[in-house]
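When the letters of the sequence shown are read in order and numbered with full-length UniProt numbering, they come out as residues 206 to 932.
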Amino acid sequence: GAFAKPSLKQVDSVCPFCGVGCQLRYHVDENDRIAHVEGIAGPANEGRLCVKGRFGFDYAHSPERLTRPLVRRAGVAKDPLAVGRRLTPDELRAQFREASWDEALDLAAAGFQRALQATAARGRASPVAGFGSAKGTNEEAYLFQKLVRSAFGTHNVDHCTRLCHASSVAALMEGLGSAVVTNPLRDVAHADFVLLIGANPAQNHPVGATWIKNAVKRGTRLVLADPRRTELARHAWKHLGFQPGSDVALLNALLHVIVAEGLTDPAYIAAHTRDFELIREHVAAFTPEAMAPVCGIDAATLREVARAYATAKNAMILWGMGVSQHTHGTDNARCLIALALVTGQIGRPGTGLHPLRGQNNVQGASDAGLIPMVLPDYARVGDGAARGKAEALWGLPAGTLGSEPGLTVVEIVDAAHRGEITAMLVQGENPAMSDPDATHAREALAGLRHLVVIDIFLTETATLADVVLPATAWPEKTGSVTNTDRCVQLGRKAVGAPGEARADAWITEQLAQRLGLAWRYGVAPDGSGSADATQGIAAVYEEMRALMPSIRGLSWPRLWREGAVTYPVADEADPGQPVVFTDGFPTADGRGRLVPAALTPPAETPDPQFPLVLITGRQLEHWHTGSMTRRATVLDAIEPGPVVSLHPQTAARLGLRAGAAARVASRRGVITLPVRFDDALPADTAFIPFAYREAAANVLTNPALDPVGKIAELKYCAVDVRPEATS
Ligand code: SF4
């Protein structure tokens, strides 16, 4: 088998899947293919890897890789209803023809120019938008947002952070003046108490989960707050299986106990926070007795957990999408921030706030400015000085960049559906699968006059494209990525790309030049990079660094040498700062702001027609929309198809046996998939992973947005589940 092959070449890099950012070594065989992968001693993993990192690599060698640019044949309609099916070779040929790079790039650029000219003539806002990727490098994200802002004259640029932690980011920016994690994940080793809420790290941050398990073994008290009794419940001091969507009730009850019983840290509150009075008054009504029936956790347990958190020497809070993917996601995160601030459990090792980032580079892509309201390093687009600095560095006439934020992911899709956005550039994202109310999203994408997709596979989104540009997979290029701990790491090219696939950054540079921008980085088409900071991908990094105070002290040569450095890093001698906010916050007055959170129900609640709650999420073996992991042989063999998980008693009541086909319907759509029993789920709740095109969970989900973070309620909607009628 693969393990017996001698490896001719060994290349150290970073895992392409989750935000833990494990370092790994690619072993490359004589055919320039990855033979196997081993974990190496990176700061986040110390040699550990999970099943995705260890076995999820051969997607890069899949026969389904795109190897030549594709152009939609004239007159061939886009069918949003066919998106769930993989195209047969004949169907593919009927829709697309192969093209040279020159022709495909010319066509891609011309479509955007047409769209821009049409609206300029009518004096309207830019009709173009771009979705970049949290799966690419920092340099790719930086170039992508620069292209959209410079060439398309708009801040309509976003990426999957909007569907992930946008609400956490909104609350952290408001409360602490910065959205970064305060402490690295491995700080759980220094925590006496860990509150893990709305996250399932055993599946989604598996190596991170091992650090949590190790900490528990050494005596850390773990409280898992999650409607699902997920794997870490076995290691927890307490599992709070609260009612889905009742986070604010649960957390405000904890705050109530801490305030009412005098367990706050008055010295910390006085020195480092403001608006404590607002919180004190607000949580007075949230007694554990009043909240117990709302959240489903008894009052005595709420008191015990609140006391344990507040009185621990060091207590840390970790959270995931169970907190953020709600219409009250920002409120959920406000409560977590308040818990840390009123108790002073922040600013020391083993304390603080850590929103577990999902994608391997969602932190870095956000830092690089792939967000509609901010430029690199979170400089607000409304800040004239920041815009001026970017314009000068990018060689744009003063006043080119607008002061109004652009549209976010779901807003862009809605605008496309209304015909206001007519052209889109999508790099490495798959909105036809990842966006809420996927049927609506697919209609919007199909209705675009011009859709250009840069990707490694013909994703569900790419099937609706006019031009498809084949890109490099992670092991085929060099660049930097930033993990959930704010650690910038170097990914190194290990193998060549198939056919004519080219580096994403090269593609972006080529498009920029065709759209009239004088970009001269000279990015290598084969994705290679070198220690020389003056050219190619390194020159992109150095330009980005000039706009980003957080990495000022991390030059490309230093990154090349050291491989991993945690920002903020002020100068070349600065080792980096794993724990931040040790003495106040980067807000205008240096204080953390306490913001009360009201109790609001989910946007759609169960009723007789749709009586169950649907929770969507990931699985250990499959990553997001499955475009990579479902083409990784080992991972696909372990989890080959979609399932809807139900508590056995709920399934029995609905007349469903394990393995039987269930029809799951919401107000937005219907899918059919087999039932799996899972007694870790609460009653009357269904869980469906969103990785499967043949039964796409997002056909069902609710696009209602959190009003602040603009994140959709992917963790809660009402569904009906019943046996699929057999005819
Ligand atoms: Fe990759 Fe995350 Fe698994 Fe580490 S924990 S090997 S980064 S998927």
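Each residue gets a CB set at the ideal place from its N, CA and C atoms; glycine is no exception.
The DSSP assignment places complete alpha helix (DSSP H) segments of no fewer than 4 residues inside the segment 690-756 at 709-719, 741-751, in order along the chain. Between the segment 575-583 and the segment 539-559, the count of C-beta pairs closer than 8 angstroms stays below three; the two stretches do not touch.
Closest by C-alpha distance to Q300, out of L663, D794, L817, R719, is L663. Judged by beta-carbon spacing, L390 lies within the 8 angstroms limit of H559, meaning their Cβ atoms are closer than that value. In this structure, V924 and V848 do not form a Cβ contact; the two beta carbons are roughly 15 angstroms apart against a cut-off of 8 angstroms. Taking 7 angstroms as the cut-off, one finds at least one heavy atom of the ligand SF4 near enough to the beta carbon of N250.
The way I'd put it, the segment 599-619 does touch the segment 354-373; three or more beta-carbon pairs between them come closer than 8 angstroms.
As computed with DSSP, M521 is found in a beta bridge with V399, G557.
With contacts defined by Cβ atoms closer than 8 angstroms, S571 and T342 do not form a contacting pair. Nearest Cα to G527 within the set H645, P928, A917: A917. If you draw a straight line from the Cα of A249 to the Cα of Q814, it is about 47 angstroms long. When the beta-carbon positions are compared, I551 and F786 come within less than 8 angstroms of each other. Within 7 angstroms of the C-beta of P411 there is at least one heavy atom belonging to the ligand SF4. The Cβ neighbour count for G831, taken over all protein chains shown within 10 Å, is at least 16; the residue is labelled buried. In terms of side-chain proximity, the C-beta atom of V225 is found nearer than 7 angstroms to a non-hydrogen atom of the ligand SF4. In the DSSP assignment, R927 falls within the beta strand (DSSP E) that extends over 922-928.
Classified as buried, T771 has 16 or more neighbouring CB atoms from the shown chains inside 10 Å of its CB. In this structure, DSSP gives S529 a helical state, which the three-state scheme calls helix. Ranked by how close their Cα comes to the Cα of P703, the residues T272, V233, A240, A902 have T272 in first place. DSSP lists C692, G781 as the beta-bridge partner residues of T771. Between T838 and the set G247, V256, D234, the nearest pair of CA atoms involves V256. With a threshold of 7 angstroms, the Cβ atom of L254 counts as near the ligand SF4, since some heavy atom of the ligand is closer than that. Between L292 and the set R512, P610, L669, the nearest pair of CA atoms involves L669.
Nearest in C-alpha terms to L851, of all of L254, F357, L886, is L886. Per the DSSP secondary-structure output, E243 pairs in a beta bridge with R230. Here the distance from the Cβ of G822 to the nearest heavy atom of the ligand SF4 is not below 7 angstroms.
Set against 7 angstroms, the gap from the CB of F260 to the closest heavy atom of the ligand SF4 is not smaller. M638 carries a helical assignment under DSSP once its states are collapsed to helix, strand and coil. Between V412 and L254, the C-beta gap is smaller than 8 angstroms, which places the two residues in contact. Per DSSP, reduced to three states, the secondary structure at P845 is coil, with no helix or strand assignment.
G555 places its beta carbon less than 8 angstroms from that of D392. Nearest in C-alpha terms to A330, of all of A590, M749, S608, is S608. Under a 10 Å Cβ-count criterion, V281 is classified as exposed, with fewer than 16 other Cβ atoms of the shown protein chains found around its own Cβ. Per the coordinates, the alpha-carbon of V800 lies some 32 angstroms from the alpha-carbon of T359.
The alpha-carbon separation between P928 and P853 amounts to approximately 14 angstroms. Residue pairing for N907: DSSP places it in a beta bridge opposite E918.
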